[in-house]
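Enquirer: As numbered in this note's numbering, residues 1 to 313 make up the sequence shown, in order. Cβ coordinates follow ideal geometry from the N, Cα and C atoms, glycine included. What follows is a structure written as structure tokens; I'll ask about it next.
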Amino acid sequence: MHDLAVFAFPPSFRLSLRLDKNRPRPSQSARVREMSQPEFELNVDSLISRLLEVRGCRPGKSVQMSEMEVRGLCLKSREIFLQQPILLELEAPLKICGDIHGQYTDLLRLFEYGGFPPEANYLFLGDYVDRGKQSLETICLLLAYKIKYPENFFLLRGNHECASINRIYGFYDECKRRYNIKLWKTFTDCFNCLPIAAIIDEKIFCCHGGLSPDLQTMEQIRRIMRPTDVPDTGLLCDLLWSDPDKDVQGWGENDRGVSFTFGADVVSKFLNRHDLDLICRAHQILKPSEKKTLYQYAGMANATPPKQAPKRK
């Protein structure tokens, strides 16, 4: 017996037939033919198997996925995201992972090192798409694992899971080249429902970016309604965009042109107020000359953005 995860979605053309009031009414025989069309079945196990087949192949080898399969991943995972809290409350043990940015070979290597689901529980901190050449394979494998193991595999939203950002940094172009713009919009609808933060064992606060001067209680995060785009300012923006800075006291300007930087004093007050031990975040690269551990405070310098991408105001 195989433990298959199969989810059904009605073909999209049926929806358009029902909504288009200007179309001529179909004949009885046409309606019978329409009703007899089989529903599309998303076989998650088959898709995961194909996505993993490229292990050992040359880096960058594409995985063939139908548009219907990719759309099905977005629809089903979106449903799961909305069923779960926007502020996740998780328990150890689990592995926490930072930015992937379309580096699919690195994602596979990460799973080889840490264990493929369900051997280990995972929390990813966002930024799955853009920059790298295989954003589609990357996000599709992550969404497939979310559908297959919804209570053991968790994905937070990063600042690149936002239409105004991944429209510029590569994901839009990859979707347009390999599929179409409509599918990119389907991903946007999915990204707008991702959870924003997580608390592990009531002691570790996890998010993609960092803290916000607007964040006083965790209930403020829980009250954020989904689906939602990322605004240019405010709590949601800061949780995805802000950066720590060891040379700042309080709050400072952010060189990214959006959100803030925050100092060690802000971190200490936040941890004391909420009885937490540490903050775990992503969003910045590690300098080769500096060693960092999970329990060290402070982030690294920002990566240099592409010249064509304007600063956000």
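Measuring CB to CB, does Leu125 end up less than 8 Å from Gly158?
Expert: Taking 8 Å as the Cβ cut-off, Leu125 and Gly158 qualify as a contacting pair.
Enquirer: Identify which residue in Leu278, Asp229, Glu151 and Phe111 has its Cα closest to the Cα of Ile199.
Expert: Of the listed residues, the one whose Cα sits closest to Ile199 is Leu278.
Enquirer: By alpha-carbon positions, which one of Glu202, Phe187 and Gly115 ends up nearest to Phe153?
Expert: Selected option, being the one with the closest Cα: Gly115.
Enquirer: Between Asp238 and Leu211, how many whole angstroms is the CB-CB distance? I'm expecting something under 8 Å.
Expert: So it is a contact: roughly 7 Å between Cβ atoms.
Enquirer: Can you grab the Cα-Cα spacing for the pair Gln134 / Asn166, in whole Å?
Expert: Rounded to whole angstroms, Gln134 to Asn166 spans 13 Å at the Cα level.
Enquirer: Short of 8 Å in beta carbon distance, which residues of its chain neighbour Ile80, apart from the five on each side in sequence? Order them along the chain.
Expert: Lys146, Ile147 and Pro150.
Enquirer: Run through the DSSP bridge pairs and tell me what Leu73 is partnered with.
Expert: None; Leu73 has no bridge partner.
Enquirer: Going along the chain, which residues of its own chain have a beta-carbon closer than 6 Å to the beta-carbon of Pro59, five neighbours each way excluded?
Expert: Cβ neighbours of Pro59 beyond the five flanking positions: Thr105.
Enquirer: Could you give the residue range of the alpha helix (DSSP H) that holds Ile279?
Expert: No alpha helix (DSSP H) contains Ile279, which is instead part of the beta strand (DSSP E) from Leu278 to Cys280.
Enquirer: Check whether the region 247-266 touches the region 218-227, taking contact to mean three or more Cβ pairs, one atom from each stretch, closer than 8 Å.
Expert: No, they do not touch.
Enquirer: Note down the Cα distance separating Pro93 from Asn121, rounded to an integer number of angstroms.
Expert: Going by the C-alpha atoms only, they are around 7 Å apart.
Enquirer: Buried or exposed: Ile181, going by 16 or more other Cβ atoms within 10 Å of its Cβ?
Expert: By the neighbour-count rule (16 or more Cβ atoms within 10 Å), Ile181 is not buried but exposed.
Enquirer: For Thr233, name the three-state secondary structure that DSSP assigns.
Expert: In the structure shown, Thr233 sits in coil (DSSP, three-state: anything other than H, G, I, E or B).
Enquirer: Can you find the residues in the same chain that come closer than 6 Å, C-beta to C-beta, to Ala163, ignoring five residues on each side of it along the sequence?
Expert: Taken in chain order, the residues that qualify are Thr188.
Enquirer: For Phe191 and Val129, what's the separation of their Cα atoms in angstroms?
Expert: If I take the Cα positions, the gap works out to 11 Å.
Enquirer: CA-CA distance, Glu89 and Ile221?
Expert: If you take the alpha carbons of Glu89 and Ile221, they lie about 12 Å apart.
Enquirer: Given a threshold of 16 other Cβ atoms within 10 Å of its Cβ, counted over all protein chains shown, does Ser62 qualify as buried or as exposed?
Expert: It counts as exposed.
Enquirer: Check this for me: beta carbons of Cys207 and Arg281, under 8 Å apart or not?
Expert: For Cys207 and Arg281, yes; Cβs fall inside 8 Å.
Enquirer: Where does Lys182 sit, in a helix, a strand or coil, going by DSSP?
Expert: Helix, per DSSP.
Enquirer: Let me make sure I understand the geometry here. Which of Asp173, Leu73, Gln83 and Leu87 has the alpha-carbon closest to that of Thr186?
Expert: Among Asp173, Leu73, Gln83 and Leu87, the Cα nearest to that of Thr186 is on Leu73.
Enquirer: Going by beta carbon distance, what residues of the same chain come within less than 8 Å of Glu53, once the five residues before and after it are set aside?
Expert: These residues qualify, in order along the chain: Val63.
Enquirer: Quick check on DSSP: helix, strand or coil for Met1?
Expert: Reliability of the predicted coordinates at Met1 is poor, the pLDDT of 38 falling under 50, and no value is obtained from them.
Enquirer: Measure the beta-carbon distance from Pro85 to Pro213 and round it to whole angstroms, keeping in mind my assumption that it falls under 8 Å.
Expert: Going by Cβ atoms, the distance from Pro85 to Pro213 rounds to 23 Å, so no, they are not a contact pair.
Enquirer: Can you tell me the Cα-Cα spacing of Glu41 and Glu67, whole angstroms?
Expert: Roughly 13 Å separates the two Cα atoms.
Enquirer: Identify every residue that forms a DSSP beta bridge with Asn254.
Expert: Answer is none; Asn254 lacks a bridge partner.
Enquirer: My output table needs one value for Glu34: the three-state DSSP class, helix, strand or coil.
Expert: Model confidence at Glu34 stands at a pLDDT of 40, short of 50, so the residue's coordinates are unreliable; what they give is reported in the following sentence. Of the three classes helix, strand and coil, the one that applies to Glu34 here is helix, per DSSP.
Enquirer: Using 8 Å as the threshold, is the C-beta distance between Asp173 and Asp127 below it?
Expert: Contact: no.
Enquirer: Assign Glu219 to buried or exposed, taking buried as 16 or more other Cβ atoms, counted over all protein chains shown, within 10 Å of its Cβ.
Expert: Glu219 comes out exposed.
Enquirer: Cα separation between Gly56 and Val267?
Expert: Going by the C-alpha atoms only, they are around 43 Å apart.
Enquirer: Mind pulling the alpha helix (DSSP H) runs of 4 or more residues that sit fully within the region 108-155?
Expert: Segments of the alpha helix (DSSP H) lying fully in the region 108-155: 135-148.
Enquirer: In this structure, does DSSP put Leu215 in helix, strand or coil?
Expert: Reduced to three states, the DSSP call for Leu215 is coil.
Enquirer: Expressed to the nearest angstrom, what Euclidean distance is found between the alpha-carbon atoms of Phe270 and Lys246?
Expert: Those two C-alpha atoms are separated by around 16 Å.
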